[in-house]
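Q:
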Amino acid sequence: MKIAVIGTGYVGLVTGVSLAEIGHEVTCLDIDEAKVDLLRSGKSPIYEEGLEELLRKNIDNGRINFTTSYEEGLKDKEAIYIGVGTPQSEDGSADLRYIHAAGDSIGEHLKNDAIIVIKSTVPIGTNEYIRDYITSRLKHNVSIQIVSNPEFLRQGSAVHDTFHGDRIVIGSENQDALEKIEEVNKPFGIPILKTDLRSAEMIKYASNAFLATKISFINEIANLCEHLGANIENVTKGMGMDKRIGEFFLNAGIGYGGSCFPKDTNALISIGKSVNYQMPILQSVVDVNENQKRIIIDKLKKRFGSLNGLNIALLGLSFKPNTDDMREAPSIPVSKALIQEGVNVKAYDPVAMDNAKKVIPSEVQFQDSIESAVEGADCLVILTEWKDFITFGLENYKVKLKNPIIFDGRNCFNVQDATSLGIEYYSIGRPSEINN
Numbered sequence: 394m395k396i397a398v399i400g401t402g403y404v405g406l407v408t409g410v411s412l413a414e415i416g417h418e419v420t421c422l423d424i425d426e427a428k429v430d431l432l433r434s435g436k437s438p439i440y441e442e443g444l445e446e447l448l449r450k451n452i453d454n455g456r457i458n459f460t461t462s463y464e465e466g467l468k469d470k471e472a473i474y475i476g477v478g479t480p481q482s483e484d485g486s487a488d489l490r491y492i493h494a495a496g497d498s499i500g501e502h503l504k505n506d507a508i509i510v511i512k513s514t515v516p517i518g519t520n521e522y523i524r525d526y527i528t529s530r531l532k533h534n535v536s537i538q539i540v541s542n543p544e545f546l547r548q549g550s551a552v553h554d555t556f557h558g559d560r561i562v563i564g565s566e567n568q569d570a571l572e573k574i575e576e577v578n579k580p581f582g583i584p585i586l587k588t589d590l591r592s593a594e595m596i597k598y599a600s601n602a603f604l605a606t607k608i609s610f611i612n613e614i615a616n617l618c619e620h621l622g623a624n625i626e627n628v629t630k631g632m633g634m635d636k637r638i639g640e641f642f643l644n645a646g647i648g649y650g651g652s653c654f655p656k657d658t659n660a661l662i663s664i665g666k667s668v669n670y671q672m673p674i675l676q677s678v679v680d681v682n683e684n685q686k687r688i689i690i691d692k693l694k695k696r697f698g699s700l701n702g703l704n705i706a707l708l709g710l711s712f713k714p715n716t717d718d719m720r721e722a723p724s725i726p727v728s729k730a731l732i733q734e735g736v737n738v739k740a741y742d743p744v745a746m747d748n749a750k751k752v753i754p755s756e757v758q759f760q761d762s763i764e765s766a767v768e769g770a771d772c773l774v775i776l777t778e779w780k781d782f783i784t785f786g787l788e789n790y791k792v793k794l795k796n797p798i799i800f801d802g803r804n805c806f807n808v809q810d811a812t813s814l815g816i817e818y819y820s821i822g823r824p825s826e827i828n829n
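Using our numbering, the letters of the sequence shown map in sequence onto residues 394 to 829.
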């Protein structure tokens with residue numbers, strides 16, 4: 394099928410490249426000329442494992458191209474995917490300005506009947522609204538159908554998830570459109586759930602909100618474990634063996650971040666308010682997560698008292714490993730709090746340094762390696778569980794640090810391994826007799 398994808402951010406680019414990989418003829422549209430030029434050269438503007446290789450492969454075989462021209466990009470396309478951002482507004486609701494802009498351009502330039510597929514995460518009812526919005530702006534005698542096709546990709550493993558996902562959800566009130574988009578997706582070999590528009594929209598929000606709830610829940614249990622002398626790793630192992638609970642998203646730490654969980658939980662709360670329905674569980678999920686981001690600061694103060702003048706190394710700035718995404722990353726509030734406390738901060742991340750410099754306090758000293766970040770530091774704080782940080786080894790940290798003290802916000806190491814080396818090791822949800 395001939396397909397256009399509007400937006401070359403995280404969702405749009407992964408969607409476009411993946412559709413090309415399964416044999417479709419794809420044109421990706423973006424108004425950013427510099428980004429389009431970069432993509433034409435086979436380079437990805439975002440870090441995502443395996444994405445650039447697939448991008449180059451499908452440029453070479455002629456199945457994907459890039460343009461800033463809507464007239465060119467929409468010509469003869471049977472399906473038009475919208476994968477633009479829906480950032481969080483100040484009141485927690487989804488900001489639809491980029492959806493509107495895409496709709497305006499479609500209305501102006503579409504010259505043939507087409508199916509509009511919404512990949513962006515949008516509030517319940519938005520697909521119907523967008524259908525009417527675009528229809529009212531069509532300049533030519535054409536008709537459109539709308540399909541909701543939310544993405545369920547984990548940043549850092551989005552390419553893998555695209556081809557090995559649990560399900561593909563497509564929703565529409567038009568049976569013909571449903572069947573055509575089902576055919577588009579069949580080559581992925583993933584179970585396809587066909588439903589109505591509003592249910593498809595809600596599946597996306599409900600899924601992310603539930604996973605965020607799991608994370609905040611296990612972090613509360615981890616904090617309680619520290620007070621009671623239980624070990625959160627043993628607790629989560631026992632919980633995860635129950636098939637009704639499952640083992641995933643039970644890793645205790647310093648809270649979730651990224652572009653989805655914070656935005657989508659807040660958006661769902663806002664959606665509830667719009668119909669006078671309060672969602673106290675989700676509000677608690679958000680509150681617990683915000684508090685969890687400060688837990689490392691509390692542990693540092695408990696150990697050192699005043700932090701003024703300390704030299705502290707931060708390892709990990711992106712909100713999770715294998716991505717350069719800094720949206721809602723715990724490193725942002727942690728670094729700000731450390732600077733406010735008068736700490737000299739040296740920081741390192743394998744891929745997120747450029748993005749981090751845009752949102753991390755300018756007083757932070759960015760380093761080009763693990764060694765330069767930890768050399769001579771009074772203590773180490775680990776905020777992201779990059780594999781590089783684990784393979785560097787506790788022995789090397791002990792040698793490089795001025796004082797062998799580690800605050801591990803992601804439970805990267807075994808407590809006994811650390812203490813047997815003489816390292817003062819503070820983690821999340823471990824027994825208080827070990828963590829003091």
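Ideal placement from N, C-alpha and C gives every residue a C-beta, glycine not left out.
By Cβ distance below 7 Å, which residues in the same chain neighbour Ile-689 in space, the five residues on each side in sequence not counted?
A: Ile-647, Val-727, Val-774, Phe-800, Gly-802
Q: DSSP three-state label for Glu-418, please.
A: Of the three classes helix, strand and coil, the one that applies to Glu-418 here is strand, per DSSP.
Q: Taking the C-alpha atoms as reference points, what is the distance between Ser-825 and Val-404?
A: Residue placement at Ser-825 is flagged as unreliable, the pLDDT there being 46, under the threshold of 50; the coordinate-derived value follows with that caveat. Cα to Cα, the separation comes out at about 42 Å.
Q: Looking at C-alpha atoms only, which residue of Ile-583, Pro-655, Asn-804 is the closest neighbour of Arg-560?
A: Ile-583
Q: Have a look at Leu-444, Phe-642, Ala-599 and flag the residue whose alpha-carbon is nearest the alpha-carbon of Ile-608.
A: Phe-642
Q: What is the residue span of the beta strand (DSSP E) that Lys-562 lies within?
A: As written in the sequence, residue 562 is Val, which differs from the Lys given in the question. Counting along the chain, the beta strand (DSSP E) containing Val-562 begins and ends at 561 to 564.
Q: Applying the 10 Å Cβ sphere with the 16-neighbour rule, what's the burial state of His-417?
A: Label assigned to His-417: buried.
Q: By the three-class DSSP mapping on this structure, what secondary structure does Phe-654 have?
A: helix
Q: Provide the residue span of the alpha helix (DSSP H) that contains Leu-432, from first to last.
A: Taken as a continuous stretch (DSSP letters only), the alpha helix (DSSP H) holding Leu-432 covers 426 to 433.
Q: Spatial neighbours of Ser-550 within its chain, please: C-beta separation below 8 Å, excluding the five flanking residues on both sides.
A: Glu-442, Asn-715
Q: If we count the other Cβ atoms within 10 Å of its Cβ and call it buried at 16 or more, is Ala-427 buried or exposed?
A: With fewer than 16 other Cβ atoms within 10 Å, it is exposed.
Q: How many Å lie between Asn-748 and Gly-709 at the Cα?
A: 12 Å
Q: Assuming Val-552 and Leu-444 form a contact by the criterion Cβ under 8 Å, report the distance between their Cβ atoms to the nearest whole angstrom.
A: 5 Å
Q: Measure the C-alpha to C-alpha separation of Asp-430 and Glu-465 and round it to an integer number of angstroms.
A: Cα to Cα, Asp-430 sits roughly 16 Å from Glu-465.
Q: Nearest to Ile-638 by CA position, among Cys-618, Gly-651, Phe-610, Ile-664, is which residue?
A: Residue Phe-610 is the option with its Cα nearest to Ile-638.
Q: Report the start-end ranges of each alpha helix (DSSP H) in the stretch 560 to 641 that is 4 residues or longer and not cut off at the edges.
A: 568 to 578, 590 to 621, 625 to 633
Q: What is the rounded straight-line gap between the Cα of Glu-501 and the Cα of Pro-754?
A: 43 Å
Q: Since Leu-432 contacts Tyr-463 with CB under 8 Å, what's their CB separation in whole angstroms?
A: 16 Å between Cβ atoms; not a contact.
Q: In this structure, what does DSSP give as the bridge partners for Ala-413?
A: Partner(s): none; Ala-413 has no beta bridge.
Q: Does the separation of the CB atoms of Glu-842 and Cys-805 fall below 8 Å?
A: Since the first residue shown for the chain is 394 and the last is 829, residue 842 is missing from the structure and cannot be characterised.
Q: Quick check: Lys-470 and Ala-507, are their CB atoms within less than 8 Å of each other?
A: yes
Q: Residues bridged to Cys-772 by DSSP?
A: Ile-705
Q: Just the C-alpha distance for Leu-503 and Thr-528, rounded to the nearest angstrom, thanks.
A: 11 Å
Q: Contact check, Ser-762 vs Tyr-741 under 8 Å by CB: the rounded distance?
A: 7 Å
Q: Kindly list the residues whose CB is nearer than 8 Å to the CB of Ser-592, restricted to its own chain and excluding five residues on each side of it in sequence; keep chain order.
A: Contacts found: Gly-564.
Q: Could you tell me which residues DSSP pairs with Glu-817 in its beta bridges?
A: Ile-798
Q: Kindly identify the DSSP beta-bridge partner or partners of Asn-715.
A: In DSSP, Asn-715 forms no bridge with anything.
Q: Where do the N-terminal and C-terminal ends of the beta strand (DSSP E) with Ile-508 fall, by residue?
A: For Ile-508, the uninterrupted beta strand (DSSP E) run begins and ends at 507 to 511, by DSSP.
Q: Roughly how many angstroms lie between the CA atoms of Ile-511 and Gly-558, to the nearest whole one?
A: 18 Å
Q: List the endpoints of the continuous beta strand (DSSP E) containing Ser-541.
A: 537 to 541
Q: Just to confirm, are Ile-705 and Cys-772 a CB contact at a threshold of 8 Å?
A: yes
Q: In whole angstroms, give me the CA-to-CA distance for Asn-616 and Gly-822.
A: 5 Å
Q: Helix, strand or coil for Gln-830, going by three-state DSSP, please let me know.
A: A question about residue 830 goes unanswered here, because the residues of the chain that appear run from 394 up to 829.
Q: I need the straight-line Cα distance from Leu-467 to Met-719, nearest angstrom please.
A: Computed Cα separation, rounded: 32 Å.
Q: For Glu-483, is the classification buried or exposed, using 16 other Cβ atoms within 10 angstroms of its Cβ as the cut-off for buried?
A: exposed
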